[in-house]
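Input: a single structure, listed below in structure tokens.
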Amino acid sequence: MTAVTYEKAQRLYPGSTTPAVDALDLEIRDGEFMVLVGPSGCGKSTSLRMLAGLEEVTSGSIRIGDRDVTHLPPKDRDIAMVFQNYALYPHMTVAENMAFALKMAGVGKEERAARVKEAAALLDLDAYLDRKPKALSGGQRQRVAMGRAIVRQPQVFCMDEPLSNLDAKLRVSTRTQIAALQQRLGITTVYVTHDQVEAMTMGDRVAVLKDGVLQQVDTPLALYDKPANLFVAGFIGSPAMNLIEGELREGHAVVGGHEIPVDRAAAAAATGPVTLGVRPEAFRVVGEGQDGLPVKVTLVEELGADAYVYGTSGVEGTPSNVVVRVPGQVGHQKGSTIRVTTDPTAVHLFDNATGRRLNP
Amino acid sequence: MNTSRLGTRTDAGDPGSARVPGGTPGATTPPSTRTGQRAAGSGRRPRWTEDRVVPYLLVLPAVLIVVLLRIVPLVMGANFSFTGDGDANGAWVGLDNYRTLWDDEVFRTAMKNVGLLLLALPVAVAIPGLLATFLFLKVPGYRLYRSVYFFPVVLSPVIIGAIFNVVLSFDGPANQLLEKVGIEPIDWLGDSTYAMFTVIGVHIWATFGMALVIFMAGFATVDQSLLDAARSDGANLRQTVWHVIIPELSQTIQFVFVTTMIGMLTGMFGLLYIMTGGGPGGATYLPELYIWTQQGQMNRPALASAASMVLFVLMLVVGFAQLRLLKRATKES
Amino acid sequence: MPAALSNGTRSRRFSTRLAAVAIAPLVLTLAACGAASDDGGGSEGGGESGKLVVWDWKSGDPTAKAYVDAAKADFEKKHPDVEVEFVAQPFDNYYTLLGTAIESGSGPDVVLFNGGAQLRDRVDALVPLDDYLGDNEERLAGWEAFQDADQTYAVPITLQGEPFYYNKKIYEEAGLDPEAPPTTYDELTDVCEAIAKIDKDCFSLGNKEGIGMEFHLSTFGPGVFTPEQYDAWLAGDRDWSSPEVKQLFEMWVQQNEDGWFNDGVNSTAMFMDEFTKFQGGESGNVVGLISDVAHWKSFDEFLGDDLGVYPGPIVNEGGQSLMPAEGGIGYGVTEWTADKELAYDLVDSLSSTDALTAFYADAGAIASDTTIDTSDSGIPVVADIVSWLPESKPNLHTVLSADTLDLLHRLSQQLIDGKVTVDDALAQLAASDK
Amino acid sequence: MGTRGLSRWVIAIPMALLAIATIYPLLFTLNVSQKTRREYVLDRFGLSNTFGLDNFVDAWQTSGLGTYALNSTIVTLGSVALLLVFGSMAGFAFSQLHFRGSKAAFLLILGALLVPFQVVMVPFFRVLGQIGLLDTYPGLVLAYTAQFLPFTVFLMTSYYSRIPGEIIEAARIDGASTFGIYLRLMLPLGRPALVSVGILNALFCWNDVLISLLTMQSADHRTLMVGVTALRGQYSDNIPLFAGGVVMAALPVLVVYLFFQKQITDGVTAGSTKG
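The following block contains the structure:
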């Protein structure tokens, strides 16, 4: 069993009063690709490093399978890690880099060579085995780092932003490669990134963290569809969800004098001021004369099939930014005003005071 | 679920394969035995783990040597400085040795000369700094100069002192050169007005290459785009140096200051000993030389120990003061 | 699983390495101790171990080889089983090294000393030799320099004195009679004026170490003091405010002002530069030595027949013309040595007539042994020097304490430098010499 | 930047003069070493008309510089080995490992930089004598190690602190022990610094006079630089012989400098910039 379990795992740096990771409860299933995501400083890397044994666990525990690894040194945890900067050993060749862990584990020379060869084939690194890391491109280095992890056949892969040093195009292609590789190897993986797109595309499940506190763990789609709170709602999705403060009145939300229909059950759960969350694609542009939220267009981003209209809506006197996805090539003009509305099912309702989701 | 092509995990019969659904954490399999034991022992973090002990072992030899051969002697010396010399050998004399020092004109001169060294410090830093700037600007022949300038650094101070003794003798080559350009010869080492400056000068000659190289390394780290920006802003050379290079080099300058100071306060003994022996008339004494003569020639080891303690305290004070000053100065800029 | 199996080996390997790190320094120290017992024997020295260590600054000199060999042979006859090691230390650091040895209570068994203050300051570390001396007391001369409070701490092997050497060729060039060196201060003044006219230095002088003034004091002193004053000075009755002492100091300043010396006196090293200048024919006179170095033998090498010598000139009425001389260098026995008698036997060999004869012949030292025949040296000035020895009196400067001498060195430079007045200098000296 | 054309040449002139001033003393010494003692006495500063190796041979043979050179080599190699091992061990620990008291220990060692040798000279020899190391090779090796260790630790620490911590974490995860990391990563990775610092320390040890003079009391243990300075005793006026010794003692140093210029200067700068 190589599920990974965080049980009230906490990391408090000496001299600090707020924990970097606060009582993290998280279970990662056997063979699962778990992505930890959040803005910088949210504790996602620390959580991963606690699992790897690079950070001390102040309280709580971490288990890999049925083993309590909370206080084990990294080498006894049977994990492999891919670092942001790859952390390749500069004085060793690619082959030596990949074989290092096996050598440390006392694996025989021949088996080492065989396993390195196998992993190299898997990652298309055959031609570079005798090179030093300095002589490799960024993408190749990244693959060597992956190879070094794979060769060990660990129980868990830990990956700390392994793609952030690649250029945008390579990042996208490597993303899918890693996901495919992980699926093929079936090794439980914990993957840290600050990029929510990466998280959404790669993770079986995604854990969103903020200020050391776990906000929500779920599949990417569930996170998108049912963000548990305002933070997740704003963080997941690109462009981000439109968040507009409003008042609830008889099953409707009123925003700047315009009515927006909301889910009844959600509305019933509300006790105070709320924030409405509407994905850009959930807005509909309505014609002149129909009631809708007026949006003054400031920018139109044409993507061909679609277009995003950025604008401001004068709500409560202060303009708030709104993004609306519209079909491509419709030709909304900068400076013009459009009116938008949406369906009640598409409106997420959040409690202003707690930030919590009100929809069921 | 896909099985890996890799290694032993693919063996269907391997109980260690964690991917067998519902696989019992079998106490019968080797890895689990291991994990079981580990798990039991790891509830609390053990006190003496490898990674906690080894750091101490790594620093142990260095710390041991420094303590045994520097700190212990220092404490012994401190103790010794309160005992007497000659007939009073070994007897406790309190602060007598320190009083003797206070009254000794030679020791006072030595302390005054330390002050002189501190005054010369900015010069000793500025010269290599300036030269490094020129080298950085690639004046013709800069490669050659860079090699040549460092060269005295590798020579023993004792040898340098002996050579300069001859070069700076009254009828020596230095004065012959002065004579040719119509300047009155100078008794470089025999006139108490000049002697200390001469020795300081030779010390700078002998060591500026070191600071120069450090400066050059600092220059190499200066962001070229900052220089370009300064140029496009129309800054002249002086402004560029003042507003771009110096702030960029603050760490290097700090380092050079500290190392040059340590060099001046601890490394001039060889030169002094050979070039002037403290003369003329005691004008070029430094505490180190004073300690040496009291210990040897004058056979007063306890007094020498007292002087050692004064020098040590002085080094501490100057060292700390300088670090603080530099920290403040670099923060302001 | 390989990883699992390897775990045990890994930690075993780790502990081995741990042990290696921990033990390495220890092993080094032990190795060091092992080596120490091999080589360090000399330091602990002593008769039982069959080895004696001698410290000096002479034995490395090629001219001292015959002397050392003769002394060794003499000693081996007496003690064939005892090995003798000579360690020639650099003179610059000799007394510092000795101080360190004394500090740590270990070091050589037999040590060479300069007579006077250097010895007197360290008698605590030396064995009184009076009980061992025997007939050496008669055979050798120059004991006073090695005595303190009526006890003898070293056996003299050379006599040291300071005559005036002069260059006859330069006297001739200056229109002076090369065979009639000055006998009074007035004549000397005339000599210097004449030599100045031919653009040479009257005297070569190196006062970098401040010892020029020592020589000045001891060589002009006899001509200034009355014999009574001289003896009183030696006896410890020194009046620094007397007109004669003041006169001596004023002469020092005056000679410099009158241009008797080469330029850069304070930066000229005595033993390296002063005598090189004289040998190179840059000056007419120099105050030299009779033993060791800067003596008749080394001057003869360059000047040959042009070398002349004269004793200090008479300055005042009642003054005397004599060459000061006393014990030069001598061997003492350290108090930590294991077998003092054995060590003295070595000193005895080092001062044997055979050995000293060799020292005289090769190194040109005027030996302390009065039985050595010096008539066949082939260097005419030696006869003069030896003939003056019977009337010689000890140096005025060697009776001063190390502290006072050190002050004298500094003041002599300050006097030349114009940084102190004669009166002030004498006041400081009077305060120091109590 | 704004210096081009003429002004660069104007600056180059004093720079070139300074370069001459830097090498002149050695050329001067070389000239003196070509003279006989007699020639020197008669004309101290003129150019020598003879060329020969007499003074070199004399210094080498009669003055025993050959033995001294061997002693220097032994002691220098021993000291450099200890310095590099202890220095890199401590440098690794101080720069990359976190342990209680690390800062205090580092300051202690760094503080020793501020203790001139003369300050501890007398008691130092007592300690050395008490452990029976006076006048032995290990004694001098230990003395040099103590003298130059603070500098070495400082440079190694600052060099190692530039190595990203992730590499060490990677090795930990790969199963290396801390000591294994030292052996397998820090030593090979530190090679450039070890070479530079090693050469610098070798120069320091080779050039030392003071410590060696006091530690090695017997003649056959003397090191080269002491042997050379002994050629210029107060009682010796054979300057050309001394000059010959100086040239010979400086020769290996010069060769090392010419060949390892870059490494030497790299070592000097290891502590000055933080990456």
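Protein chains in written order, with the UniProt record's numbering: chain A, 1 to 360; chain U, 1 to 333; chain F, 1 to 434; chain R, 1 to 275. In this text, a Cβ means the ideal position worked out from N, Cα and C, and glycines have one as well.
Hey, is residue i's beta-carbon within less than 8 Å of any beta-carbon in chain R?
| i | result |
| --- | --- |
| F:Gln-279 | yes |
| U:Tyr-145 | yes |
| U:Leu-271 | no |
| U:Gln-176 | yes |
| A:Arg-11 | no |
Under a CB-based cut-off of 8 Å, is residue i close to chain U?
| i | result |
| --- | --- |
| F:Asp-433 | no |
| F:Ala-64 | no |
| F:Ala-430 | no |
| F:Gly-332 | no |
Anything in chain R within Cβ reach of residue i, meaning under 7 Å, just list it in chain order.
| i | result |
| --- | --- |
| A:Tyr-89 | Ile-167 and Leu-185 |
| U:Ser-305 | Val-122 |
Run through chain R and tell me which residues come within less than 9 Å of residue i, C-beta to C-beta.
| i | result |
| --- | --- |
| A:Ile-187 | None at all; the shortest Cβ gap to chain R is about 15 Å. |
| A:Ala-113 | What A:Ala-113 touches in chain R: nothing, since even the nearest Cβ is about 17 Å away. |
| U:Glu-50 | Ser-177, Thr-178 and Phe-179 |
Just to confirm the assignment, what range does the alpha helix (DSSP H) spanning residue i have?
| i | result |
| --- | --- |
| R:Arg-191 | 191-207 |
| U:Glu-179 | 173-180 |
| F:Ala-73 | 65-78 |
| U:Met-111 | 105-136 |
What residues of chain A sit near residue i, judged by a beta carbon separation below 8 Å?
| i | result |
| --- | --- |
| R:Arg-172 | Gly-53, Leu-54, Pro-73, Pro-74 and Lys-75 |
What does residue i reach in chain U if we use C-beta pairs closer than 9 Å?
| i | result |
| --- | --- |
| R:Leu-30 | Residues of chain U passing the Cβ test: none, with the nearest at roughly 11 Å. |
Report yes or no: is there a C-beta of chain F within less than 8 Å of the C-beta of residue i?
| i | result |
| --- | --- |
| U:Gly-77 | no |
| U:Arg-5 | In this prediction, U:Arg-5 has a pLDDT of 39, which is less than 50 and means its spatial position is unreliable; nothing more can be read from the coordinates. |
| R:Phe-117 | no |
| R:Ser-161 | no |
Residues of chain A with CB under 7 Å from residue i, in chain order?
| i | result |
| --- | --- |
| R:Pro-188 | His-91 |
Could you give the first and the last residue of the continuous beta strand (DSSP E) run that contains residue i?
| i | result |
| --- | --- |
| F:Asn-114 | 110-114 |
| F:Ala-88 | 83-88 |
| F:Ile-329 | 329-333 |
| A:Ala-135 | First-last for A:Ala-135: undefined, no H or E at that position. |
So which residues of chain F does residue i contact, with C-beta pairs closer than 7 Å?
| i | result |
| --- | --- |
| U:Gln-295 | Thr-96 and Gly-99 |
Going along chain F in order, which residues have a C-beta closer than 8 Å to the C-beta of residue i?
| i | result |
| --- | --- |
| U:Tyr-277 | Here the sequence assigns Gly to residue 277 of chain U, which means Tyr is not the residue at that position. Residues of chain F passing the Cβ test: Lys-208 and Glu-209. |
Could you round the C-beta distance between residue i and residue j to whole angstroms and report it? I think they count as a contact, below 8 Å.
| i | j | result |
| --- | --- | --- |
| F:Thr-276 | F:Lys-208 | Between F:Lys-208 and F:Thr-276 the Cβ distance is about 13 Å, and since that is not below 8 Å, they are no contact. |
| F:Asn-266 | U:Gly-279 | 7 Å |
| A:Ile-79 | R:Ile-264 | Not a contact, Cβ separation roughly 43 Å. |
Less than 8 Å between CB atoms is the rule here; does residue i satisfy it with respect to chain A?
| i | result |
| --- | --- |
| R:Pro-138 | no |
Handout entry: Segment contact, 8 Å Cβ cut-off, at least three pairs: the segment 135-151 of chain A with the segment 80-93 of chain A
Key = yes
Exercise for the section: State whether the segment 238-247 of chain A contacts the segment 276-295 of chain A, with contact taken as three or more CB pairs (one from each stretch) at a distance under 8 Å. Expected result: yes
Practice task
Taking 8 Å as the threshold, find out whether the segment 284-297 of chain U comes into contact with the segment 90-103 of chain F through three or more Cβ pairs.
Solution key: yes
Practice task
Taking 8 Å as the threshold, find out whether the segment 250-261 of chain U comes into contact with the segment 155-173 of chain U through three or more Cβ pairs.
Solution key: By the Cβ test, the segment 250-261 of chain U is not in contact with the segment 155-173 of chain U, since fewer than three Cβ pairs between them sit closer than 8 Å.
Exercise for the section: Taking 8 Å as the threshold, find out whether the segment 78-91 of chain R comes into contact with the segment 154-168 of chain R through three or more Cβ pairs. Expected result: With three or more CB-CB distances shorter than 8 Å, the segment 78-91 of chain R counts as touching the segment 154-168 of chain R.
Practice task
Examine the Cβ distances between the segment 357-369 of chain F and the segment 146-162 of chain F and report whether three or more of them are shorter than 8 Å.
Solution key: yes
Practice task
Decide if the segment 105-112 of chain R is in contact with the segment 147-159 of chain R; the criterion is three or more beta carbon pairs, one per stretch, under 8 Å apart.
Solution key: The segment 105-112 of chain R makes contact with the segment 147-159 of chain R; the number of CB pairs closer than 8 Å reaches 3 or more.
Exercise for the section: Kindly confirm or deny that the segment 314-328 of chain U and the segment 116-129 of chain F touch, where touching means at least three C-beta pairs closer than 8 Å. Expected result: Proximity of the segment 314-328 of chain U to the segment 116-129 of chain F falls short of the contact definition, fewer than three beta-carbon pairs being nearer than 8 Å.
Exercise for the section: Evaluate contact between the segment 332-342 of chain A and the segment 285-300 of chain A, counting only Cβ atoms and requiring at least three cross-stretch pairs below 8 Å. Expected result: yes
Handout entry: Cβ contact check for the segment 304-316 of chain F and the segment 182-189 of chain F: 3 or more pairs under 8 Å
Key = yes
Practice task
For the segment 209-216 of chain A and the segment 39-47 of chain A, state whether three or more C-beta atom pairs, one from each stretch, are separated by less than 8 Å.
Solution key: yes
Practice task
Could you tell me whether the segment 57-69 of chain R touches the segment 112-122 of chain R, using the rule of 3 or more Cβ pairs below 8 Å?
Solution key: no
Problem - Three or more C-beta pairs below 8 Å linking the segment 60-78 of chain A and the segment 261-271 of chain A - result: no
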